[in-house]
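A.B. asks: Chains as they are written, first to last, in the numbering used here: chain S, 1 to 118; chain L, 1001 to 1118; chain X, 2001 to 2118; chain A, 3001 to 3118; chain V, 4001 to 4118; chain Y, 5001 to 5118; chain W, 6001 to 6118; chain U, 7001 to 7118; chain H, 8001 to 8118; chain F, 9001 to 9118.
The C-beta atom is built at its ideal place from N, Cα and C for all residues, glycine as well.
Here it is, the structure, as structure tokens.
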């Protein structure tokens, strides 16, 4: 995934340690195992911004890039966290991938990063 | 935003450290980026009053002032906190802006202030 | 408000520090500012009884006394706490007043008392 | 309200008598009586298209035009029906305005048009 | 109940046979049998206006008049219908009183009037 | 079941054909087959009164009489209808017994009576 | 499926044309196509009894017999209707099979029988 | 869209006029107007089968084919109906496309076909 | 209440400190004050078993014994805890009695026991 | 239960201590006491993976193996934890069995394992 598509805007209120929660209920990618069958998830990103805020339209395009990519649930959730970590360098970030039921089984993956000095 | 519109009433029960939670589901402003398209949010203000309580009708007029102003989600939520902080000098205050979905993405901004000696 | 209307029954299980939660969804009083217009709230009382339990029918009559009294949201919630504190002398008590929407704004007031030695 | 802002697209499936239901939960206008205080509603438009479909972005701009206009609940709901009737000439149309609570009272207005020969 | 308190406004759209539904969730009166104990209900009024619309603030004051009156569930629901019938002369009107649970039993009363020639 | 316990009050509004719906969520009786094990149901009575209204407290006592009686779901629902039919002589009456799950199976019984000339 | 397992009890109230609705949320069988993978459904049976009522425990055992049988959604729903039709000879019967999601797709099958002379 | 991907199985119960309702909450296609931005919908297909039942896995693949196709809401809903009509020749069929909110506006499209002699 | 009716089974997994939560929504007893009027509650028992598990059918019979006993809300909830404490000697136990609304007031009683060395 | 059916895939992100939550709402087994009557549950597995992730299809087959096995609620929940512990050696794991109501009583069993050095 090319992270250059992710744009940021300066956080004018960076003296306060506040929180932004973004929910994207229309995430879709392809399952590596099952002949390109699609998977669907709601991705929730919660972060405490430091110097930068994510620009929402660029985040939408970034998440849209997974549409035709083959990737596992656990891997996709971790990669979204890693990419945002590089771009935003936030005080805190959590990514939750809440994946639709497959074969009668539902999966939720939760990944979290906590900056040491916070 | 002119904060003089915000009126207060004395907190007769200021010996107790109690909490007031105010929910305003009809907040609207304009998006700076998209040719004056409107944004909608539910603003929730939770505070532990010290000497002053916010007068509710004046709060309604204050929030109504954002109706034709261009402002980002993060900025609006932070500014409401700063304005109420100046006027109320509360023991604690949190402002949550829960913004309606745009481009398939929903955003919630949470800003908090905790008086040191509380 | 005359607190003599509040009756108690002995707490036979006072060796255990347990909790009673009472919800009264039919509370109504009058608004001091708006020409006697009625206000409506759900009052929730949570307490850890010591020697006494509140008798429920007397509590109903006590809350019914606010029906034609002019009182602010914050004041009513605090007064119910103070009155029950005097009558029950509980280990802990919290009163939450969840007031109906007025002018597009909803208010919840939470007051708490914690006995030191608990 | 200038209806020229409403654009249409041809209904390629006009041999079938089918139905389109559009829900706009972010409608806001001003109350004529109360010193320009805002009103909020969810507008639901259900129509059976004949030759034309409403173009959704133009409908959004049309509804956005009410933002700073003073108008009663009943009048706004009827006017939206009349304007769409002129522009779309549908086989059937219903407009429902579901207005937020004011003074403890909620109002829903339902207006319907049925072409005779349907 | 004095019906002169009920005000009307002209129905500018009286050529269409449309519907207005008004929900008042804060209705309260007194029970005739039980030593002035209060009863609570949600009153829903649905009508097809002819020449007149009910003015909402006056309806609020009218319903508020029941606050300290002793009246049965069935009687109150019927009386609201009769009073609005006299004042509005609508094409159709239905009044539903949805009364809070008493003694483990909940009651809903539905009264309807249909003008013959509609 | 002794129906003399059921009291009525005169229907002052008997010129209108209106409806009263009574829900009793605390109905319990005993199962004939299973060594006196209790059954639980919500009983809903909908009727169009003619000359008489059911007095609610007497209905509560009547329903309470089933508490220690052995009776099948279908029989209990039918008997409540028959008893109210005798006492109220209504224009219409429906009794619905919504019985709690037993052995992974839930049962609802609906019995209706429609006066011919209505 | 052997229908002799289904027992009946006489309908003592067969002069009234009433309705019994039975919901069995714990139905499971095996999918013919997918290597004996289990399917799960909620089966709802609504019938107007004539001379006979279904005995509920025997119905539970009957439905339990599908547990290790391979059968399609449409076939299972139709067969339950046919079997109950033979045993109960009701005035009316409907069987709804509400099957759990498989491959991102949910299926509901509704089969109905209406006796002519009803 | 190539309809040969749609497979059928014989309807063994075709003497009964019954109904099958299929819900596919994971439908996605591309918006023709907005630079290939994705649209999301829940597609609900209700049909009364005649000689043929739709095979569910093939329906899943058929719906998956829209993933990277540019198509309007109204057109996609109508085309699914036309394709199933050709393949199934059912007694009745309805297709409902319930599309996710875009620009603060939600759209539902309902198309129906009723065989004459049904 | 005779606790000998309560049977236990050995806890085969007693090396792990795990939790069992039992919900009984069909609890009923009689109110001491109001001429034998019934009270209804949902009883929730949460416990961390030590050597013994409660046998569920015997618990059902034990709770059924309250059916015709006069007892206060607080007393019944405490007594269930005491009886289970004697029989199970668990590492932890909590009993919550969630009582149905009476006179417009709802009551929940929560009693907890924590073994010291846990 | 043969645990060799459980397959794993390597956890590529094992430097982060993250969480996977798997919900299987279609678990069924047989009750040891009641003549092979089926029990139904929702099994929720929450774990913090170390070197291995559970392969979801193999988990589905593993859970399916309980279908015709006689086992108590507490035993089944503990055994699923023990089996996954052996196969995954996770940093943390919790298994919750939420069992359907039987005899008016619902049971939830929660078992947890916490690696010391986490």
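For residue 7061 of chain U, does the three-state DSSP call read helix, strand or coil?
C.D. replies: In the eighth chain, the residue the question calls residue 7061 of chain U occupies position 61. If DSSP states are grouped into helix, strand and coil, residue 7061 of chain U belongs with the helices.
A.B. asks: Can you find a heavy atom of the ligand COA that lies under 7 Å from the Cβ of residue 9056 of chain F?
C.D. replies: The ligand COA is not part of the structure shown, which contains no ligands of any sort.
A.B. asks: Is it right to say residue 1003 of chain L is buried, meaning 16 or more other beta carbons lie within 10 angstroms of its own, or is it exposed?
C.D. replies: Stepping through the second chain from its first residue, residue 1003 of chain L is reached at position 3. That one is exposed.
A.B. asks: I need the boundaries of the beta strand (DSSP E) containing residue 4043 of chain V, first residue and last residue.
C.D. replies: Position 43 of the fifth chain, counted from the start, is the residue given in the question as residue 4043 of chain V. Unbroken beta strand (DSSP E) run through residue 4043 of chain V: 4038-4048.
A.B. asks: Identify whether residue 5007 of chain Y lies in helix, strand or coil by the three-state DSSP scheme.
C.D. replies: Reading the sixth chain from its first residue, position 7 is the one you call residue 5007 of chain Y. The answer is coil: DSSP assigns residue 5007 of chain Y none of H, G, I, E or B.
A.B. asks: What is the DSSP secondary structure of residue 3113 of chain A, counted as helix, strand or coil?
C.D. replies: Here residue 3113 of chain A corresponds to residue number 113 of the fourth chain, with the count starting at 1. Correct three-state label for residue 3113 of chain A: strand.
A.B. asks: Return the first residue and the last residue of the beta strand (DSSP E) that residue 3021 of chain A is part of.
C.D. replies: Here residue 3021 of chain A corresponds to residue number 21 of the fourth chain, with the count starting at 1. Taken as a continuous stretch (DSSP letters only), the beta strand (DSSP E) holding residue 3021 of chain A covers 3019-3030.
A.B. asks: At a cut of 8 Å, does the segment 5090-5100 of chain Y reach the segment 5057-5065 of chain Y through at least three beta carbon pairs?
C.D. replies: Contact fails: fewer than three Cβ-Cβ distances are below 8 Å.
A.B. asks: Against chain V, which members of the segment 2053-2087 of chain X pass a CB distance test of less than 7 Å?
C.D. replies: Per Cβ criterion, the list reads 2064 and 2067.
A.B. asks: With 16 as the cutoff for other CB atoms within 10 Å, does residue 2102 of chain X come out buried or exposed?
C.D. replies: One-based indexing of the third chain puts residue 2102 of chain X at position 102. Buried: at least 16 other Cβ atoms inside 10 Å.
A.B. asks: Closer than 6 Å by C-beta to residue 2110 of chain X: which residues in its own chain qualify, once you throw out the five before and the five after it? Chain order, please.
C.D. replies: On the third chain, position 110 is the one that residue 2110 of chain X refers to. Hits under 6 Å: 2096.
A.B. asks: At a cut of 8 Å, does the segment 3048-3059 of chain A reach the segment 3078-3093 of chain A through at least three beta carbon pairs?
C.D. replies: Yes: at least three Cβ pairs fall under 8 Å.
A.B. asks: Between the C-alpha atoms of residue 112 of chain S and residue 21 of chain S, what's the straight-line distance to the nearest angstrom?
C.D. replies: The residue labelled residue 112 of chain S in the question sits at position 112 within the first chain. The residue labelled residue 21 of chain S in the question sits at position 21 within the first chain. Looking at the two C-alpha atoms, the distance is approximately 13 Å.
A.B. asks: I need the straight-line Cα distance from residue 1031 of chain L to residue 2107 of chain X, nearest angstrom please.
C.D. replies: Residue 1031 of chain L sits at position 31 when you count from the first residue of the second chain. Residue 2107 of chain X sits at position 107 when you count from the first residue of the third chain. One C-alpha to the other measures close to 28 Å.
A.B. asks: Could you run through the segment 11-45 of chain S and flag, in chain order, every residue whose CB is less than 7 Å away from some CB of chain U?
C.D. replies: Within the segment 11-45 of chain S, the qualifying residues are 26, 28, 38 and 40.
A.B. asks: Tell me whether residue 9083 of chain F sits in a helix, a strand or coil according to DSSP, three-state version.
C.D. replies: Within the tenth chain, residue 9083 of chain F is the residue found at index 83, counting from 1. Three-state DSSP puts residue 9083 of chain F in a helix.
A.B. asks: Taking the C-alpha atoms as reference points, what is the distance between residue 5077 of chain Y and residue 8105 of chain H?
C.D. replies: To locate residue 5077 of chain Y, count along the sixth chain from 1; it is residue 77. To locate residue 8105 of chain H, count along the ninth chain from 1; it is residue 105. Taking the straight line joining both Cα atoms gives about 29 Å.
A.B. asks: Report, in whole angstroms, the separation of the C-beta atoms of residue 4038 of chain V and residue 2067 of chain X, which I expect to be a contact under 8 Å.
C.D. replies: Taking the fifth chain and counting its residues from 1, the one referred to as residue 4038 of chain V is at position 38. Taking the third chain and counting its residues from 1, the one referred to as residue 2067 of chain X is at position 67. Residue 4038 of chain V to residue 2067 of chain X, Cβ: 7 Å. Contact.
A.B. asks: Taking residue 9100 of chain F as the query, report the chain W residues whose CB atoms sit under 7 Å from its CB, ordered along the chain.
C.D. replies: Here residue 9100 of chain F refers to the residue found at position 100 of the tenth chain. Result: 6026.
A.B. asks: Can the beta-carbon of residue 4023 of chain V be found closer than 8 Å to that of residue 4042 of chain V?
C.D. replies: Position 23 of the fifth chain, counted from the first residue, corresponds to residue 4023 of chain V. Position 42 of the fifth chain, counted from the first residue, corresponds to residue 4042 of chain V. Cβ atoms of residue 4023 of chain V and residue 4042 of chain V: closer than 8 Å.
A.B. asks: Put residue 78 of chain S into one of helix, strand or coil per three-state DSSP.
C.D. replies: For the purposes of this step, residue 78 of chain S is identified with residue 78 of the first chain, where counting begins at 1. Here residue 78 of chain S sits in helix by DSSP.
A.B. asks: So, is residue 3069 of chain A buried or exposed, given that buried needs 16 or more other C-beta atoms within 10 angstroms?
C.D. replies: Counting from 1 along the fourth chain, the entry for residue 3069 of chain A is found at position 69. Residue 3069 of chain A is exposed by the Cβ-count criterion.
A.B. asks: Closer than 7 Å by C-beta to residue 8086 of chain H: which residues in its own chain qualify, once you throw out the five before and the five after it? Chain order, please.
C.D. replies: Here the question's residue 8086 of chain H lines up with position 86 in the ninth chain. These residues qualify, in order along the chain: 8003.
A.B. asks: When the cut-off is 8 Å and only beta carbons count, does residue 112 of chain S lie next to chain F?
C.D. replies: Indexing the first chain from 1 puts residue 112 of chain S at position 112. Interface residue, yes.
A.B. asks: Taking DSSP as the reference, what is the three-state secondary structure of residue 2014 of chain X?
C.D. replies: Numbered from its first residue, the third chain carries residue 2014 of chain X at position 14. Residue 2014 of chain X falls in the coil class under three-state DSSP.
A.B. asks: So, is the C-beta of residue 6097 of chain W closer than 8 Å to a C-beta in chain S?
C.D. replies: Your numbering for residue 6097 of chain W matches position 97 in the seventh chain. For residue 6097 of chain W, the answer is no, since every Cβ of chain S falls outside 8 Å of its Cβ.
A.B. asks: Which of the three DSSP states is assigned to residue 7035 of chain U in this structure?
C.D. replies: For the purposes of this step, residue 7035 of chain U is identified with residue 35 of the eighth chain, where counting begins at 1. DSSP places residue 7035 of chain U in coil when its eight states are reduced to three.
A.B. asks: How far does the beta strand (DSSP E) with residue 3100 of chain A in it extend, from its first residue to its last?
C.D. replies: One-based indexing of the fourth chain puts residue 3100 of chain A at position 100. Counting along the chain, the beta strand (DSSP E) containing residue 3100 of chain A begins and ends at 3092-3102.
A.B. asks: For my contact list, residue 9006 of chain F and residue 9045 of chain F are in at a C-beta cut-off of 8 Å; report their separation, rounded to the angstrom.
C.D. replies: Position 6 of the tenth chain holds residue 9006 of chain F. Position 45 of the tenth chain holds residue 9045 of chain F. Not really, about 12 Å apart at Cβ, beyond 8 Å.
A.B. asks: Keeping to the same chain, check which residues put their C-beta closer than 7 Å to that of residue 2058 of chain X; ignore five residues upstream and five downstream.
C.D. replies: One-based indexing of the third chain puts residue 2058 of chain X at position 58. Only 2005, 2006 and 2007 meet the Cβ criterion.
A.B. asks: Return the CA-CA distance between residue 2025 of chain X and residue 4026 of chain V, expressed in angstroms with no decimal places.
C.D. replies: In the third chain, the residue the question calls residue 2025 of chain X occupies position 25. In the fifth chain, the residue the question calls residue 4026 of chain V occupies position 26. Answer to the nearest angstrom: the Cα atoms are 11 Å apart.
A.B. asks: Kindly say whether residue 5008 of chain Y, judged by its beta-carbon, lies nearer than 8 Å to any beta-carbon of chain W.
C.D. replies: One-based indexing of the sixth chain puts residue 5008 of chain Y at position 8. Closer than 8 Å: no.
A.B. asks: Just to confirm, are residue 4075 of chain V and residue 5012 of chain Y a CB contact at a threshold of 8 Å?
C.D. replies: Against the fifth chain, residue 4075 of chain V aligns to sequence position 75. Against the sixth chain, residue 5012 of chain Y aligns to sequence position 12. In this structure, residue 5012 of chain Y lies closer than 8 Å to residue 4075 of chain V by Cβ.
A.B. asks: Ordered along the chain, which non-local residues of its own chain (more than five positions away) have a Cβ less than 7 Å from that of residue 9072 of chain F?
C.D. replies: Locating residue 9072 of chain F in the tenth chain gives position 72, where the first residue counts as 1. Here the set comprises 9032.
A.B. asks: Using only the alpha-carbon positions, how far apart do residue 5055 of chain Y and residue 5080 of chain Y sit?
C.D. replies: To locate residue 5055 of chain Y, count along the sixth chain from 1; it is residue 55. To locate residue 5080 of chain Y, count along the sixth chain from 1; it is residue 80. Computed Cα separation, rounded: 15 Å.
A.B. asks: For residue 6014 of chain W, which residues of its own chain have a beta-carbon under 8 Å away from its beta-carbon, when the five flanking residues on both sides are left out?
C.D. replies: Numbered from its first residue, the seventh chain carries residue 6014 of chain W at position 14. Only 6049, 6050 and 6051 meet the Cβ criterion.
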